[in-house]
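One structure below.
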Amino acid sequence: MTETHAEDGSRKTVLAAIGSNLAIAVTKFVAAFFTGSASMLAEGIHSLVDTTNEGFLLLGLHRSKRPADAVHPFGYGTELYFWAFVIAILIFALGSGFSLYDGIGKIVSGEREPIEKPAVALGVLALSFVFESVSWRIAYGEFQKTRRGRGLLQDFRDMKDPSIFIVLCEDSAALLGILIAAGGIGLSLVTGNPLFDAAGSVVIGFLLAATAWVLAVEVKGLLIGEAASPDLVEAVREGVGRRPEIAGVNEIRTLHRGPSDVLLTMSVDFEDDILSQDIEAAISEIESRIRQRFPIVRRIYIEVQSKAGHRSAARQLDAAPSAESD
189 MTETHAEDGS RKTVLAAIGS NLAIAVTKFV AAFFTGSASM LAEGIHSLVD TTNEGFLLLG
249 LHRSKRPADA VHPFGYGTEL YFWAFVIAIL IFALGSGFSL YDGIGKIVSG EREPIEKPAV
309 ALGVLALSFV FESVSWRIAY GEFQKTRRGR GLLQDFRDMK DPSIFIVLCE DSAALLGILI
369 AAGGIGLSLV TGNPLFDAAG SVVIGFLLAA TAWVLAVEVK GLLIGEAASP DLVEAVREGV
429 GRRPEIAGVN EIRTLHRGPS DVLLTMSVDF EDDILSQDIE AAISEIESRI RQRFPIVRRI
489 YIEVQSKAGH RSAARQLDAA PSAESD
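Its first residue numbered 189, the sequence shown is counted upward by one per residue in our numbering.
Following this line, the structure appears as structure tokens:
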């Protein structure tokens with residue numbers, strides 16, 4: 189997938205989620221007003237938080253494309269990761285917090301008011317399930333384009349684009365939340381005990397808390413800094429190592445500055461009889477070929493260093509923390 193197609197796919201996923209979640213949120217709030225259902229109100233808050241989150245994702249996508257400047261010489265790509273982490277906090281604080289507060293409050297108070305017009309509530313949930321399914325399918329389709337065939341869970345964890353995995357997580361949680369809300373309303377209707385509806389709100393709260401935790405863990409890794417895929421690193425190492433003027437590749441390090449922005453640094457040992465001008469020409473060609481094969485590699489820094497010199501520098505770096513602690 190090219191960089192442009194990946195960005196278009198991310199934006200399409202977010203826009204589809206905004207449209208569906210906004211319509212669903214309004215519908216759920218209207219239904220909650222007429223039915224008095226705690227589960228329906230929790231789901232309305234859930235959809236409203238999701239809509240707000242997608243707005244933050246659009247903001248992150250826009251701001252991450254700003255060009256590098258003197259203050260941020262490597263660009264603003266990681267700003268998308270910052271807004272993704274804000275989203276995880278919002279899901280926990282607003283979505284989960286309100287659902288737990290409302291559900292537990294009604295259980296503790298022993299409220300026994302029956303749900304009015306339960307058929308309306310169930311009909312709204314059924315319609316919401318259809319809309320959420322459409323948004324989920326779009327997000328899952330974009331996720332499938334990024335997969336590397338290492339298993340569903342591993343491919344999910346390897347994703348570097350939070351705009352896709354956040355929408356996928358939110359929509360998955362929303363579909364489960366709708367089923368939970370429908371179950372709570374249905375049990376309240378069958379048993380005549382409205383506390384089942386309140387319990388549904390509590391379960392939705394825990395579901396959102398779990399979703400926020402998963403997103404926070406995944407985004408934290410991106411904020412700290414994750415390497416590019418091992419396949420990219422190995423391909424670069426193999427391609428550079430085959431060149432006749434290269435004695436060996438000492439080290440390759442990569443860092444994702446954004447979903448489609450990788451910083452690559454490399455320590456290379458050249459043969460002793462290579463002239464300096466030939467080294468300069470080789471480095472220029474290496475950089476050109478890497479960018480041509482891997483367009484997501486935006487910045488490349490190649491250090492000319494003997495194998496012995498690299499080992500010595502590595503030993504000094506490893507010894508530095510223990511020296512500081514002493």
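Ideal Cβ placement from N, Cα and C applies to all residues, glycine included. Bear in mind that the values here come from a model prediction, so they are computed numbers and not experimental data.
Same chain, Cβ closer than 6 Å to residue i, five either side skipped, listed in chain order
i, result
"Gly429", "Val437"
"Ala362", "Glu320"
"Leu452", "Thr442, Val485 and Ile488"
Enclosing beta strand (DSSP E) for residue i [first to last residue]
i, result
"Asn438", "Ile434 to Gly446"
Secondary structure of residue i, DSSP reduced to three states
i, result
"Val259", "coil"
"Asp238", "helix"
"Phe458", "strand"
"Thr190", "At Thr190, the pLDDT of 49 sits below 50, so the modelled position is not reliable and the matter cannot be decided from this model."
"Lys294", "helix"
"Thr223", "helix"
"Ile303", "coil"
"Gly232", "helix"
"Ser417", "coil"
"Thr266", "coil"
"Arg499", "helix"
According to DSSP, residues forming a beta bridge with residue i
i, result
"Arg487", "Leu451"
Proximity winner among the options, relative to residue i (alpha-carbon distances)
i, options, result
"Leu282", "Ile326, Met454, Leu229 and Lys333", "Leu229"
"Val355", "Tyr264, Gly380, Asp457 and Thr239", "Thr239"
"Ile392", "Gly413, Gly337, Ile279 and Ala435", "Ile279"
"Gly232", "Ser360, Ser287, Pro255 and Ala397", "Ser287"
"Ser389", "Arg251, Leu268 and Gly291", "Gly291"
"Arg489", "Ile478, Arg499 and Gly497", "What sits at residue 489 in the sequence shown is Tyr, not Arg. Checking every option, the nearest Cα to that of Tyr489 belongs to Ile478."
"Arg499", "Glu439, Leu452, Val405 and Arg445", "Glu439"
"Gly248", "Leu236, Glu242, Pro255 and Leu268", "Leu268"
"Ser360", "Ala400, Phe222 and Arg487", "Ala400"
"Glu330", "Ala256, Lys348, Ala272 and Leu367", "Lys348"
"Ala276", "Leu396, Ile467, Asp419 and Ser472", "Leu396"
"Leu313", "Ile474, Ile462, Ala470 and Ala211", "Ala211"
"Glu433", "Gln465, Pro447 and Val407", "Gln465"
"Ala470", "Phe482, Gln480 and Val456", "Val456"
"Glu422", "Met454, Phe244 and Ile412", "Met454"
"Tyr328", "Val405, Ala213, Lys200 and Ile462", "Lys200"
N-terminal and C-terminal residue of the alpha helix (DSSP H) that residue i is part of
i, result
"Leu282", "Here Leu282 belongs to no alpha helix (DSSP H), and DSSP marks it neither H nor E."
"Phe317", "Pro306 to Thr334"
"Lys408", "Leu383 to Ile412"
"Ser252", "Ser252 -> no alpha helix (DSSP H), and no H or E assigned at all."
"Ser494", "Ser494 -> no alpha helix (DSSP H), and no H or E assigned at all."
"Asp346", "Unbroken run through Asp346: none, as it is neither H nor E."
"Arg481", "Ser464 to Arg481"
Beta-carbon contacts of residue i that lie in its chain and below 7 Å, excluding the five residues immediately before and after
i, result
"Val402", "Cys357"
"Ser284", "Gly393, Leu396, Ala397 and Ala400"
"Ala220", "Met228, Leu229 and Gly232"
Contact set for residue i: own chain, Cβ-Cβ below 8 Å, skip 5 residues either direction
i, result
"Ala501", "Gln493"
"Leu310", "Ala370, Ile373 and Gly374"
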